[in-house]
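Working notes, beginning with the structure itself.
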Amino acid sequence: MYLTRLELSHFRSHRRTVLDLDARPVAIWGANGAGKTNLIEAVSLLSPGRGLRRAPAGDLVRRQEAIGWRVGAAIRSGPEVHEIDTRAEPDHGRSVRLNDKTVPQATLARVVPMIWLVPTMDRLWIEGADGRRRFLDRMALSFRPSHAEASLTYEKAMRERNRLLKDQVRDPAWYGALEAQMVEAGAAIATCRAEAVARIQQAQDGAQTAFPVSDLAVVAPEGMPELSPTALEDSRPRDMAAGRTLVGPHRADLLAVYRDKGVAAAMCSTGEQKALLISLVLANARALKAGLGAPPILLLDEVSAHLDAARRAALYDEVVALGAQAWMTGTGSELFADLGARARQIEVVDASGESRIRA
Amino acid sequence: MSDGSDRIQALIDLMARLPGLGPRSARRAVLHLIKKRGALMRPLAQAMLDVADDARECLVCGNVGTDEICAICRSDKRATGEICVVEDVADLWAMERAGVFRGRYHVLGGTLSALDAVGPDELRIPRLESRIAEDGITEVILALGATVDGQTTAHYISDRLAGREGLSVTSLAQGVPVGGELDYLDDGTIGAALRARRAL
Ligand SMILES: Nc1ncnc2c1ncn2[C@@H]1O[C@H](COP(=O)(O)OP(=O)(O)OP(=O)(O)O)[C@@H](O)[C@H]1O
Ligand SMILES: [Mg+2]
Ligand SMILES: [Zn+2]
Numbered sequence: 000m001y002l003t004r005l006e007l008s009h010f011r012s013h014r015r016t017v018l019d020l021d022a023r024p025v026a027i028w029g030a031n032g033a034g035k036t037n038l039i040e041a042v043s044l045l046s047p048g049r050g051l052r053r054a055p056a057g058d059l060v061r062r063q064e065a066i067g068w069r070v071g072a073a074i075r076s077g078p079e080v081h082e083i084d085t086r087a088e089p090d091h092g093r094s095v096r097l098n099d100k101t102v103p104q105a106t107l108a109r110v111v112p113m114i115w116l117v118p119t120m121d122r123l124w125i126e127g128a129d130g131r132r133r134f135l136d137r138m139a140l141s142f143r144p145s146h147a148e149a150s151l152t153y154e155k156a157m158r159e160r161n162r163l164l165k166d167q168v169r170d171p172a173w174y175g176a177l178e179a180q181m182v183e184a185g186a187a188i189a190t191c192r193a194e195a196v197a198r199i200q201q202a203q204d205g206a207q208t209a210f211p212v213s214d215l216a217v218v219a220p221e222g223m224p225e226l227s228p229t230a231l232e233d234s235r236p237r238d239m240a241a242g243r244t245l246v247g248p249h250r251a252d253l254l255a256v257y258r259d260k261g262v263a264a265a266m267c268s269t270g271e272q273k274a275l276l277i278s279l280v281l282a283n284a285r286a287l288k289a290g291l292g293a294p295p296i297l298l299l300d301e302v303s304a305h306l307d308a309a310r311r312a313a314l315y316d317e318v319v320a321l322g323a324q325a326w327m328t329g330t331g332s333e334l335f336a337d338l339g340a341r342a343r344q345i346e347v348v349d350a351s352g353e354s355r356i357r358a
Numbered sequence: 000m001s002d003g004s005d006r007i008q009a010l011i012d013l014m015a016r017l018p019g020l021g022p023r024s025a026r027r028a029v030l031h032l033i034k035k036r037g038a039l040m041r042p043l044a045q046a047m048l049d050v051a052d053d054a055r056e057c058l059v060c061g062n063v064g065t066d067e068i069c070a071i072c073r074s075d076k077r078a079t080g081e082i083c084v085v086e087d088v089a090d091l092w093a094m095e096r097a098g099v100f101r102g103r104y105h106v107l108g109g110t111l112s113a114l115d116a117v118g119p120d121e122l123r124i125p126r127l128e129s130r131i132a133e134d135g136i137t138e139v140i141l142a143l144g145a146t147v148d149g150q151t152t153a154h155y156i157s158d159r160l161a162g163r164e165g166l167s168v169t170s171l172a173q174g175v176p177v178g179g180e181l182d183y184l185d186d187g188t189i190g191a192a193l194r195a196r197r198a199l
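Chains as they are written, first to last, in numbering that gives the first Met the number 0: chain A, 0 to 358; chain B, 0 to 199.
This is the structure in structure tokens:
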């Protein structure tokens, strides 16, 4: 599973960038502001959602040229090649075409399993549960693409319910109709998450890796009842006072404990926290490879930050052993010297406000 | 811009508000109409005026026609005791084209959506409840979309109708795209979905 071609048009700092690729990892280096993260953000839009910066479609267009952006890619998956085209016109949401047919975004999860790590996630273990839940959901989605539909259904039904709560509507049949769907979709979400954790746990246990093993658990806030029609019904008065839904998988959290030290991830050093994240991403990729026969695409922005030279070399070896097309960025070529020809090396430069690839 | 081109622009702006048309296709359509002024544009304008004068919603079911009560609601043959509940008139017309359903219809005119401020009263749901009592209905078939709003509406109606004696509430077989989408289905698929309906 890898991109053979990537085309960016009017995407952030890239006016037009075209890359022809093989299955190797892609090492992208260049100065601050050159356009490295923008490049892998474009790749992240080949999966459902808002991409690795969670930016609205309107922010992605090249400034000054409000004519809409486009990202095109050819993806080889075994003997097949899929063409993906995603774009947004000004004031429109993003649309997706797969092999020349318009498809819902969620379809992308079936074509391109993808996982990413970005610098903002360096604080994942110490910040709020939102980020950890999103990380968990990305992993769940990679194993089970239907997680996307379940999440969309759940979110939509919950937003509807939250509106009823805010408007102080008291029609029990209306609440019941929404809650029935929340319970069904919520159960599917919980199952996908539990499965993801189990598979990652298993992939960590069996692996030869330089990265630390962690024990994972999906937990609910204290005192939150399990999601059920009665739990939601009972929670209506409290929820109405709060103006939002207080019961359900949207409040779950992911806990990790550094196994060898018996220390919660939040209590680990900065470098250790990063190593734990990388470890999970690699375990996820190994588990997917075992299941699907092909590793996912990995996007690792500034991955070498906080890693010492030994860990960095180990990461490269593991990525190469996995056979994953891992897109890694860094500020200087020396960071990727260890990879040599095992990776495609790409330099990105800024040419008066326009990102260019230097051959 | 001169007066004349202002008027043309106003026409384009109106056309662009039609479903399926954007500014670009509206411009193309208007240019085409102007070119075929005699053969197309005038007859179209006349037809629009006529329909604007005559068209109305059936007081009973919400179907669109030119009579106060539509032909389906007037026909005794259609009094089978079954009512098929659809979101849009387009769904009703698709069912009729397929010719597989012998009962009557109830057009909701949308789906429940708190976010869009569409509640039960905006949807002719109270009218559906009174029809069931008045017309001796024995089965309500929900042909609503697989979207969250469509399913919320289906759950809501079945909840409101629960416990009525001698009434069953069913739904078209799952996996059938309905809700403005019946229109795209061939007759055989609609027939199969109707035969495979299940109790809610
Ligand atoms: N919509 C946009 N239009 C034009 N330029 C943009 C847009 N969005 C971001 N940029 C610019 O793109 C440039 C490159 O950003 P990017 O985040 O890709 O840099 P980078 O190479 O990853 O740098 P760093 O090493 O600092 O992370 C920045 O100068 C940014 O201001
Ligand atoms: Mg960057
Ligand atoms: Zn009628």
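Cβ coordinates follow ideal geometry from the N, Cα and C atoms, glycine included.
Thinking C-beta only, is residue j closer than 9 Å to residue i?
i                : j                : result
Asp166 (chain A) : Ala113 (chain B) : yes
Gly185 (chain A) : Gly247 (chain A) : yes
Leu107 (chain B) : Ile140 (chain B) : no
Gly127 (chain A) : Thr119 (chain A) : no
Ile39 (chain A)  : Thr328 (chain A) : yes
Ile199 (chain A) : Ala320 (chain A) : no
Arg196 (chain B) : Thr152 (chain B) : no
Pro294 (chain A) : Ala323 (chain A) : yes
Val84 (chain B)  : Cys72 (chain B)  : no
Ala93 (chain B)  : Ile189 (chain B) : yes
Out of the options, point me to the one whose CA is closest to residue i's CA.
i                : options                               : result
Ile68 (chain B)  : B:Asp53, B:Val147, B:Gly80            : B:Asp53
Asp90 (chain B)  : B:Glu121, B:Arg36, B:Ala142           : B:Ala142
Gly57 (chain A)  : A:Pro47, A:Arg69, A:Leu140            : A:Arg69
Ala308 (chain A) : A:Leu338, A:Asp19, A:Arg192           : A:Leu338
Val117 (chain A) : A:Gly29, A:Ser303, A:Val110, A:Ala187 : A:Ser303
Thr3 (chain A)   : A:Gly67, A:Glu79, A:Arg52             : A:Glu79
Ala187 (chain A) : A:Glu225, A:Val168, A:Ser145          : A:Ser145
Arg103 (chain B) : B:Val85, B:Arg96, B:Glu81, B:Leu111   : B:Glu81
Arg169 (chain A) : A:Ala240, A:Ala54, A:Ala41            : A:Ala240
Glu159 (chain A) : B:Asp148, B:Ser167, B:His154          : B:Asp148
Pro220 (chain A) : A:Arg61, A:Arg132, A:Ile74, A:Asp90   : A:Arg132
Asp75 (chain B)  : B:Arg55, B:Asp115, B:Glu95, B:Arg101  : B:Arg101
Within 8 Å: the Cβ of residue i and any heavy atom of ligand 2?
i                : result
Glu186 (chain B) : The question names Glu, yet the displayed sequence has Asp at residue 186 (chain B). The answer is no for Asp186 (chain B).
Glu346 (chain A) : no
Thr36 (chain A)  : yes
Asp307 (chain A) : no
Asp5 (chain B)   : no
Asp148 (chain B) : no
Residue i: beta carbon under 8 Å from a heavy atom of ligand 1?
i                : result
Asp214 (chain A) : no
Leu18 (chain A)  : no
Gly352 (chain A) : yes
Arg11 (chain A)  : yes
Thr330 (chain A) : yes
Since I believe residue j is in contact with residue i (beta carbons under 8 Å), could you give me their beta-carbon distance rounded to a whole number of angstroms?
i                : j                : result
Leu97 (chain A)  : His81 (chain A)  : 6 Å
Leu276 (chain A) : Leu164 (chain A) : That pair is no contact at about 35 Å.
Trp115 (chain A) : Leu306 (chain A) : 17 Å between Cβ atoms; not a contact.
Asn37 (chain A)  : His13 (chain A)  : 6 Å
Met113 (chain A) : Ile296 (chain A) : 5 Å
Arg130 (chain B) : Ile136 (chain B) : 7 Å
Arg23 (chain A)  : Arg258 (chain A) : No, Arg23 (chain A) and Arg258 (chain A) are not in contact; Cβ-Cβ is about 32 Å, not under 8 Å.
Ser213 (chain A) : Leu279 (chain A) : 7 Å
Arg10 (chain A)  : Arg93 (chain A)  : The amino acid occupying residue 10 (chain A) in the given sequence is Phe; Arg does not appear at that position. About 11 Å separates the two Cβ atoms, so there is no contact after all.
Does the Cβ of residue i lie closer than 8 Å to at least one heavy atom of ligand 3?
i                : result
Tyr104 (chain B) : yes
Cys57 (chain B)  : yes
Ile68 (chain B)  : yes
Ile71 (chain B)  : yes
Gly108 (chain B) : no
Cys83 (chain B)  : no
Gly71 (chain A)  : no
Asn98 (chain A)  : no
Asn62 (chain B)  : yes
Leaving out five residues on either side along the sequence, give the residues of the same chain with a beta carbon under 6 Å from the beta carbon of residue i.
i               : result
Met0 (chain B)  : Per-residue confidence for Met0 (chain B) stands at a pLDDT of 45, beneath the threshold of 50, marking its modelled position as unreliable; no derived number is given.
Lys35 (chain A) : Ile27, Gly29, Thr328, Val347
Leu5 (chain A)  : Leu18, Ala72
Please work out which residues of its chain come closer than 8 Å, Cβ to Cβ, to residue i, disregarding the five sequence neighbours upstream and downstream, and give them in chain order.
i                : result
Lys273 (chain A) : Asp121, Ala304, His305, Leu306
Gln150 (chain B) : Leu143, Gly144
Gly179 (chain B) : Residue placement at Gly179 (chain B) is flagged as unreliable, the pLDDT there being 48, under the threshold of 50; a coordinate-derived value is accordingly withheld.
Arg6 (chain B)   : none
Can you give me the Cβ contacts of residue i inside the same chain, cut-off strictly under 7 Å, excluding the 5 residues immediately before and after it?
i                : result
Met223 (chain A) : Val246, Arg250
Ala108 (chain A) : Ser46, Pro47, Leu140, Pro144, Ala147
Arg310 (chain A) : Ala209, Ala274
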